[in-house]
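Working notes, structure below.
This is the structure we're talking about:
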């Protein structure tokens, strides 16, 4: 037999008979910090929790013990969560939840992280929340199983987290390996056996077909599989991938004139994203490039398109972007300026060899990223069942 709450907006709908339902304010202490971001210290002695997922450092601590922390305002509201057991300090707009009464701290962390966004949305008519009030936390309901079951549930979820963390560390290592290899291969400092010919210095304009073209100026729409994906500067990562989260579509009569095709590469031309580049992959589907992007088509008889893509991930390229984009406080590079991008080109066969090696690394990284995404899906599905009592654990 299950217990259910009568409140229509309750985030805890139904729990097993031997579970309790309490408010966070009844089982823990809630407070905010006294420090500001300017108090952080590089390589400081203690963790310093601010309003982002990044943990800073500091030489002071204001709490020593088990706690859960979350952002009180900013873009991290309902999305940033930390668990710690030890000495730390925290920002004046970060909430600390601690001193748990008959509740396992790690169990609370998982329950809170899974449900807090739903809780704060109860207080808001908009699609997002800008800040958190203390009562949003203190009046949040939490489903509490017996302590031994809490510990077992937390342990199971933690095993999944550790597996995901190991995969993420491997991804970081692979990306660092790729970064180092790019610097050596694209500069000619490391060459493969059998390649001895001189590299030629050219400009981007020497290896493209036609001229650069600017993207369409059209409003985005919600993602619709019947429409092409709208590629904007914010959809391109620093390492040239499409950021899948938050993709939109475009519905405009001129869209077909802005489809990306094989060998097309686009560059971000303005703002903080200036310099980011993406080489079109057919596996990414139909893409229409937006107005803040400039498209060039690489002439594959002169340059390997993937080799050019990897050029845009070198330190030399980043330095060129910094120099070229400084103007009147707003970074930007136009099509004519991009055409002047200096490129050192080996013969096509050597370009192909370099591109193949780096593409293999990219594929390995993509596989690992997909594995992490799948592990997260499985973990979240299991968490939903464990934290509601739909799946019980033996203790």
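In the working numbering, the protein residues as written are 20 to 414.
Beta carbons: idealized from backbone N, C-alpha and C, even for Gly.
Distance CB(residue i)-CB(residue j) smaller than 7 Å
i: residue 106; j: residue 65; result: yes
i: residue 128; j: residue 87; result: yes
i: residue 234; j: residue 308; result: yes
i: residue 362; j: residue 330; result: yes
i: residue 52; j: residue 110; result: yes
i: residue 156; j: residue 49; result: yes
i: residue 332; j: residue 190; result: no
i: residue 43; j: residue 56; result: no
i: residue 67; j: residue 76; result: yes
i: residue 138; j: residue 99; result: no
i: residue 342; j: residue 294; result: no
i: residue 412; j: residue 404; result: no
Assigned secondary structure, residue i (DSSP; H/G/I helix, E/B strand, else coil)
i: residue 424; result: Nothing can be reported for residue 424: it is not among the residues displayed for the chain, which extend from 20 to 414.
i: residue 264; result: coil
i: residue 244; result: coil
i: residue 220; result: strand
i: residue 316; result: strand
i: residue 76; result: strand
i: residue 407; result: coil
i: residue 287; result: strand
i: residue 102; result: strand
i: residue 118; result: coil
i: residue 40; result: strand
i: residue 86; result: strand
i: residue 48; result: strand
i: residue 280; result: coil
i: residue 256; result: coil
i: residue 142; result: coil
i: residue 54; result: strand
i: residue 24; result: Reliability of the predicted coordinates at residue 24 is poor, the pLDDT of 42 falling under 50, and the value obtained from them is presented with this limitation in mind. In this structure, residue 24 counts as coil in the three-state DSSP scheme.
i: residue 129; result: helix
i: residue 299; result: coil
i: residue 335; result: helix
i: residue 352; result: coil
i: residue 150; result: strand
Residue i classed as buried or exposed, judged by whether at least 16 other C-beta atoms fall within 10 angstroms
i: residue 283; result: buried
i: residue 238; result: exposed
i: residue 223; result: buried
i: residue 47; result: buried
i: residue 328; result: buried
i: residue 124; result: buried
i: residue 112; result: buried
i: residue 192; result: exposed
i: residue 97; result: buried
i: residue 153; result: exposed
i: residue 324; result: buried
i: residue 379; result: exposed
i: residue 25; result: Low confidence applies to residue 25: its pLDDT is 39, below 50, so where it sits in the model is not reliable, and the reading given next is rough at best. Exposed: under 16 other Cβ atoms inside 10 Å.
i: residue 272; result: exposed
i: residue 251; result: buried
i: residue 400; result: exposed
i: residue 27; result: At residue 27 the pLDDT is 42, less than 50, meaning the model places this residue with poor confidence; the figure from the coordinates comes in the next sentence. Classification of residue 27: exposed, given that the 10 Å Cβ count is below 16.
Reference residue i; option with closest CA among the options
i: residue 184; options: 390, 170, 129 and 271; result: 390
i: residue 304; options: 335, 246 and 332; result: 246
i: residue 317; options: 232, 381, 373 and 211; result: 232
i: residue 60; options: 53, 78 and 43; result: 78
i: residue 402; options: 244, 99, 103 and 171; result: 171
i: residue 298; options: 314, 290, 309 and 289; result: 314
i: residue 264; options: 37, 276, 248 and 167; result: 248
i: residue 168; options: 37, 333 and 158; result: 37
i: residue 119; options: 85, 141 and 138; result: 85
i: residue 377; options: 92, 164 and 204; result: 204
i: residue 102; options: 236, 180 and 227; result: 180
i: residue 358; options: 195, 226, 366 and 310; result: 226
i: residue 424; options: 221, 335, 408 and 413; result: No statement about residue 424 is possible, as the shown extent of the chain runs from 20 to 414 and does not include it.
i: residue 30; options: 132, 228, 95 and 381; result: 132
i: residue 276; options: 310, 259 and 302; result: 310
Assumed close pair residue i, residue j - CB separation to whole angstroms, cut-off 8 Å
i: residue 261; j: residue 254; result: 6 Å
i: residue 182; j: residue 406; result: About 19 Å separates the two Cβ atoms, so there is no contact after all.
i: residue 364; j: residue 322; result: 6 Å
i: residue 387; j: residue 186; result: 6 Å
i: residue 267; j: residue 289; result: Incorrect: roughly 19 Å between the Cβ atoms, too far for contact.
i: residue 91; j: residue 148; result: Not really, about 11 Å apart at Cβ, beyond 8 Å.
Residue i: CB within 6 Å of a non-hydrogen atom of the ligand MN
i: residue 325; result: The model depicted lacks the ligand MN and carries no ligand whatsoever.
Contact with chain C by residue i, beta-carbon distance below 7 Å
i: residue 129; result: No chain C is present in this structure, which holds just one protein chain.
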